[in-house]
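For the protein sequence lines, the chains are V and W, in the order given. Take the first sequence: its letters are residues 0 to 202, numbered as in the numbering used here. Take the second sequence: its letters are residues 0 to 202, numbered as in the numbering used here.
There are 2 protein chains.
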Amino acid sequence: MSNFTYKVYGDVFSGNCYKVKLLLHQLQKPYEWIPVDILQQESRTAAFLQRNPNGKIPVLEFASQEYLFESNAIMYFLSEGTDFLPNTRLQRSQVLQWLFFEQYSHEPYIASSRYLIRYLKGAEKYKTVLEEKSKPGYAALDVMEQHLSRNQFFVGNKYTIADIGLYAYTHVAEEGGFDLSRYSAIKSWFAKIESQPHYIAMG
Amino acid sequence: MSNFTYKVYGDVFSGNCYKVKLLLHQLQKPYEWIPVDILQQESRTAAFLQRNPNGKIPVLEFASQEYLFESNAIMYFLSEGTDFLPNTRLQRSQVLQWLFFEQYSHEPYIASSRYLIRYLKGAEKYKTVLEEKSKPGYAALDVMEQHLSRNQFFVGNKYTIADIGLYAYTHVAEEGGFDLSRYSAIKSWFAKIESQPHYIAMG
Chain V
0 MSNFTYKVYG
10 DVFSGNCYKV
20 KLLLHQLQKP
30 YEWIPVDILQ
40 QESRTAAFLQ
50 RNPNGKIPVL
60 EFASQEYLFE
70 SNAIMYFLSE
80 GTDFLPNTRL
90 QRSQVLQWLF
100 FEQYSHEPYI
110 ASSRYLIRYL
120 KGAEKYKTVL
130 EEKSKPGYAA
140 LDVMEQHLSR
150 NQFFVGNKYT
160 IADIGLYAYT
170 HVAEEGGFDL
180 SRYSAIKSWF
190 AKIESQPHYI
200 AMG
Chain W
0 MSNFTYKVYG
10 DVFSGNCYKV
20 KLLLHQLQKP
30 YEWIPVDILQ
40 QESRTAAFLQ
50 RNPNGKIPVL
60 EFASQEYLFE
70 SNAIMYFLSE
80 GTDFLPNTRL
90 QRSQVLQWLF
100 FEQYSHEPYI
110 ASSRYLIRYL
120 KGAEKYKTVL
130 EEKSKPGYAA
140 LDVMEQHLSR
150 NQFFVGNKYT
160 IADIGLYAYT
170 HVAEEGGFDL
180 SRYSAIKSWF
190 AKIESQPHYI
200 AMG
């Protein structure tokens with residue numbers, strides 16, 4: 000019998016997993032972290048596929064042995080009713096808008112490039128793929144920069160899970176070969192996030 | 000002054016836009032549809048980028064001239080407080096889990112293949128890309144088939160926006176070269192959706 004409310008299956012250097020870890024820390028919720036090594040195919044075992052049939056991390060396990068997957072859905076679950084999710088319907092929807100933007104227009108380029116370089120050590124092997132990911136990756140950063148040049152945070156000028164969702168892979172984008180030097184609004188937003196109560200660094 | 004509560008900027012043959020149209024019909028909400036031709040770059044004009052800085056359709060416009068983008072976030076907005084979104088936190092999070100699955104693990108393969116073939120007429124030109132999209136596309140269909148072989152719908156055995164989100168591109172997956180003949184649970188789920196009140200076909 001576990002003393003923890005939640006178990007998290009994840010990898011501490013995965014941005015998607017870090018979203019869940021950072022939010023749990025900021026909510027001051029106890030949890031048990033179960034390391035999963037995706038390079039060893041540990042997210043593809045029969046036991047793991049019972050938790051997430053899509054074979055991806057992170058997965059949140061409840062004391063009831065139910066499971067929730069998809070990092071942004073897990074953040075929604077953990078934040079509902081807290082200061083990390085706005086209390087108006089339009090602002091909640093705007094939080095989700097930015098989280099869907101993150102998964103569709105940002106993660107496949109920025110996180111994915113970092114994965115090829117950092118995890119697979121494939122800067123040379125995947126040179127062409129990395130070049131293809133560069134333009135859409137910078138386009139996503141441009142959208143963020145434009146928004147942050149006029150707003151303190153992504154939604155309602157308050158720190159929410161939309162910021163956590165976009166921070167996770169953006170703050171390590173340079174590990175994927177993206178140069179952040181001209182993104183001054185993004186960099187000042189990093190500083191605002193890193194000064195939030197109970198912030199912890201990736202790892 | 001518009002008589003409509005909402006304007007929708009979209010393309011009636013885009014699955015992402017169809018999600019919004021189908022839900023608005025099923026909610027019996029009046030709306031004005033503003034056609035956007037992405038092949039003519041109409042989602043990249045300066046005026047359009049004011050509505051969605053990411054230059055994608057659909058976009059929902061409110062009478063207040065505020066905007067919401069990302070199809071699944073728009074569906075969340077429209078369905079909150081209705082029968083199309085569950086009333087427990089875990090089930091709402093499970094709906095989002097499947098919608099994030101749709102955008103990350105399904106749409107980039109299944110919708111994208113259809114786009115290359117149907118919109119760009121590129122079955123030959125994009126042969127290699129289409130081949131690369133085949134395996135992850137079928138993997139997404141397998142995850143759906145497995146879930147639907149044990150459940151009537153995606154969440155709580157009730158029809159929700161998770162079903163609309165996944166139906167939109169799955170029911171036209173054959174236009175992207177995916178063979179659905181062995182997916183019997185998916186096909187019987189299609190029939191259940193198509194018999195819902197106020198269902199309308201794509202187009």
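Idealized CB from N, CA, C, for every residue including glycine. Only a predicted model underlies this, so the values are computations on that prediction, with no experimental measurement involved.
_Residues within the stretch 119 to 137 of chain W neighbouring chain V, beta-carbon criterion of under 8 Å_ = none
*Excluding five sequence neighbours on each side, which residues of the same chain lie with their C-beta closer than 6 Å to the C-beta of W/Gly155?*
By 1-based counting over the second sequence, the position of residue 155 of chain W is 156. Excluding residues within five positions, the ones whose Cβ falls inside 6 Å are Pro85, Gln90.
*Three or more C-beta pairs closer than 8 Å, one from the stretch 67 to 87 of chain W and one from the stretch 88 to 107 of chain V: is that the case here?*
yes
*If you draw a straight line from the C-alpha of V/Met0 to the C-alpha of V/Phe47, how long is it?*
Within the first sequence, residue 0 of chain V is the residue found at index 1, counting from 1. Within the first sequence, residue 47 of chain V is the residue found at index 48, counting from 1. Confidence at V/Met0 is low in this model, with a pLDDT of 45, below 50, so the placement of that residue is unreliable and no value is reported for it.
*Going by DSSP, which residues form a beta bridge with W/Phe218?*
This structure cannot settle anything about residue 218 of chain W, because the visible part of chain W is limited to 0 through 202.
*Just mark W/Gln102 as buried or exposed, buried being the case when its beta carbon has 16 or more other beta carbons within 10 Å.*
Position 103 of the second sequence, counted from the start, is the residue given in the question as residue 102 of chain W. The residue in question, W/Gln102, is buried, as its Cβ has 16 or more Cβ neighbours within 10 Å.
*W/Lys124: buried (16+ other C-beta within 10 angstroms of its C-beta) or exposed?*
Locating residue 124 of chain W in the second sequence gives position 125, where the first residue counts as 1. Label assigned to W/Lys124: exposed.
_For V/Lys132, tell me which candidate among V/His146, V/Arg113, V/Leu147 has the shortest Cα-Cα distance._
As a first step, residue 132 of chain V must be located in the first sequence, where it is residue number 133. Checked all of V/His146, V/Arg113, V/Leu147; the closest Cα to V/Lys132 is V/Arg113.
*Given that a residue counts as buried once 16 or more other Cβ atoms are within 10 Å of its Cβ, and exposed if not, what is V/His197?*
Taking the first sequence and counting its residues from 1, the one referred to as residue 197 of chain V is at position 198. Around the beta carbon of V/His197, a 10 Å sphere encloses fewer than 16 other beta carbons of the protein chains shown; the residue is thus reported as exposed.
_Contact set between W/Gln93 and chain V, taken where Cβ atoms lie within less than 8 Å_ = Position 94 of the second sequence, counted from the start, is the residue given in the question as residue 93 of chain W. By Cβ distance, chain V contributes Leu67, Ala72.
*Among the residues of its own chain, which have a CB less than 7 Å from the CB of W/Asp162, if the five just before and after it don't count?*
Residue numbering aside, residue 162 of chain W sits at position 163 when the second sequence is read from its first letter. The answer, listed in chain order, is Phe152, Phe153, Ile192.
*Report the neighbours of V/Glu79 on chain W: residues whose CB is nearer than 9 Å to its CB, in chain order.*
The residue you call residue 79 of chain V lines up with position 80 of the first sequence. Result: Arg88, Arg91, Ser92.
*Count the other C-beta atoms from every protein chain shown that fall within 10 angstroms of the C-beta of V/Arg43, then say buried if there are 16 or more, exposed otherwise.*
If you number the first sequence from 1, residue 43 of chain V lands on position 44. The residue is exposed, with fewer than 16 neighbouring Cβ atoms inside 10 Å.
_Span separating the alpha-carbon of V/Ala200 from that of W/Tyr8_ = The residue labelled residue 200 of chain V in the question sits at position 201 within the first sequence. The residue labelled residue 8 of chain W in the question sits at position 9 within the second sequence. Approximately 40 Å, taken between the alpha carbons.
_Measuring only the C-alpha atoms, how far is W/Tyr17 from W/Ile160?_
Taking the second sequence and counting its residues from 1, one reaches residue 17 of chain W at position 18. Taking the second sequence and counting its residues from 1, one reaches residue 160 of chain W at position 161. Each residue's alpha carbon lies about 12 Å from the other.
_Which residues DSSP lists as bridging W/Lys157, in chain order_ = Reading the second sequence from its first residue, position 158 is the one you call residue 157 of chain W. DSSP, once it has assigned bridges, lists W/Val154 as partnering W/Lys157.
*Could you tell me if W/Ala139 is buried or exposed, where buried requires 16 or more neighbouring beta carbons within 10 angstroms of its beta carbon?*
The count along the second sequence starts at 1 and reaches residue 139 of chain W at position 140. Its Cβ being crowded by 16 or more others within 10 Å, W/Ala139 is buried.
*Verify the CB distance criterion: does V/Tyr114 have a CB-CB separation below 8 Å to chain W?*
Here residue 114 of chain V refers to the residue found at position 115 of the first sequence. No, V/Tyr114 does not count as interfacial toward chain W.
*Buried or exposed (CB count within 10 angstroms, at least 16 for buried), V/Thr169*: The residue labelled residue 169 of chain V in the question sits at position 170 within the first sequence. With 16 or more Cβ atoms within 10 Å of its Cβ, V/Thr169 is classed as buried.
_Short-range partners of chain V found in the stretch 44 to 63 of chain W, where Cβ spacing is below 7 Å_ = Pro52, Asn53
*asked:* Going by DSSP, what residue range makes up the alpha helix (DSSP H) through V/Ile185?
replied: To locate residue 185 of chain V, count along the first sequence from 1; it is residue 186. Element bounds for V/Ile185: 183 to 193.
*Bridge partner(s) assigned by DSSP for V/Ile109*: For the purposes of this step, residue 109 of chain V is taken as residue 110 along the first sequence, with counting starting at 1. According to DSSP, which records beta bridges pairwise, V/Ile109 is partnered with nothing at all.
*Quick one: residues in its chain with C-beta nearer than 7 Å to the C-beta of W/Tyr108, no 5 flanking neighbours on either side, listed in chain order?*
Start at 1 with the first residue of the second sequence, and residue 108 of chain W comes out as number 109. Excluding sequence neighbours, W/Tyr108 sits near Lys132, Pro135, Gly136, Ala139.
*At 7 Å on the CB atoms, spell out the chain V contacts of W/Phe100, in chain order.*
To locate residue 100 of chain W, count along the second sequence from 1; it is residue 101. Per Cβ cutoff of 7 Å: Asn53, Glu69.
*asked:* Do W/Pro52 and V/Val203 count as a contact pair if the criterion is CB distance below 8 Å?
replied: Residue 203 of chain V lies beyond the residue range present for chain V, which begins at 0 and ends at 202; the question has no answer from this structure.
*Is DSSP giving V/Phe76 helix, strand or coil here?*
In the first sequence, residue 76 of chain V corresponds to position 77, counting from 1. Note: V/Phe76 maps to helix in three-state DSSP.
_Proximity test, Cβ basis, 8 Å: V/His170 and chain W_ = Position 171 of the first sequence, counted from the first residue, corresponds to residue 170 of chain V. Chain W, which has no Cβ nearer than 8 Å to the Cβ of V/His170, makes this no.
*Kindly list, in the order they appear in chain V, the residues whose Cβ is closer than 9 Å to that of W/Pro107.*
Residue numbering aside, residue 107 of chain W sits at position 108 when the second sequence is read from its first letter. Correct list: Tyr103, Pro107.
*Pull up the distance between the alpha-carbon of V/Ala122 and that of V/Ser111, whole angstroms please.*
The residue you call residue 122 of chain V lines up with position 123 of the first sequence. The residue you call residue 111 of chain V lines up with position 112 of the first sequence. C-alpha separation (whole angstroms): 12 Å.
*Where do the N-terminal and C-terminal ends of the beta strand (DSSP E) with W/Pro34 fall, by residue?*
Position 35 of the second sequence, counting from 1, holds the residue named residue 34 of chain W. That run of the beta strand (DSSP E) goes 30 to 34.
_Between which residues of its own chain and V/Arg88 is the CB-CB distance below 6 Å, once the five residues before and five after are set aside?_
Reading the first sequence from its first residue, position 89 is the one you call residue 88 of chain V. Same-chain partners within the cutoff: there are none.
*Thinking C-beta only, is V/Lys55 closer than 8 Å to V/Glu31?*
The residue you call residue 31 of chain V lines up with position 32 of the first sequence. The residue you call residue 55 of chain V lines up with position 56 of the first sequence. No. Outside cutoff.
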